[in-house]
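These notes concern the structure reproduced below.
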Amino acid sequence: AASEEATAIYRRLAKANPAAYLPNLATSLNNLSNLLKVLGRVDEAEAIGGEAARLSR
Numbered sequence: 025a026a027s028e029e030a031t032a033i034y035r036r037l038a039k040a041n042p043a044a045y046l047p048n049l050a051t052s053l054n055n056l057s058n059l060l061k062v063l064g065r066v067d068e069a070e071a072i073g074g075e076a077a078r079l080s081r
């Protein structure tokens, strides 16, 4: 899905330049988590949401 693709891109960007892209990765992970929850993939949503929360600190 597009959300998973976007998250993968932000992961690569954040690895290369964390200061610039970690906030975007956190947002992308949060969006993906919300989508997965709507799709009923709750376990995945919780894991990804937790990662987003850790990055947002």
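Using our numbering, you'd call the opening residue of the sequence shown number 25 and step up by one each time.
Glycine residues also receive a C-beta, built at the ideal position from the N, C-alpha and C atoms.
Predicted model only: the values in this text are computed from it and were never measured.
Rounded to the nearest angstrom, what separates Leu-46 and Ala-32 at their Cα positions?
For the purposes of this step, residue 46 is identified with residue 22 of the sequence shown, where counting begins at 1. For the purposes of this step, residue 32 is identified with residue 8 of the sequence shown, where counting begins at 1. Taking the straight line joining both Cα atoms gives about 12 Å.
Taking Leu-63 as part of the alpha helix (DSSP H), name the residues at either end of that continuous run.
Here residue 63 corresponds to residue number 39 of the sequence shown, with the count starting at 1. Boundaries cannot be given for Leu-63, as no alpha helix (DSSP H) includes it and DSSP labels it neither H nor E.
Taking buried to mean at least 16 other C-beta atoms within 10 Å of its own C-beta, is Ser-52 buried or exposed?
Here residue 52 corresponds to residue number 28 of the sequence shown, with the count starting at 1. With 16 or more other Cβ atoms within 10 Å, it is buried.
Beta-carbon proximity list for Leu-37, same chain, < 8 Å, skipping 5 on both sides:
Along the sequence shown, read from residue 1 onward, the residue named residue 37 stands at position 13. Excluding positions up to five away in sequence, the list reads Ala-44, Tyr-45, Asn-48, Leu-49.
Quick one: what does DSSP say Asn-41 is sitting in, helix, strand or coil?
Taking the sequence shown and counting its residues from 1, the one referred to as residue 41 is at position 17. Here Asn-41 sits in coil by DSSP.
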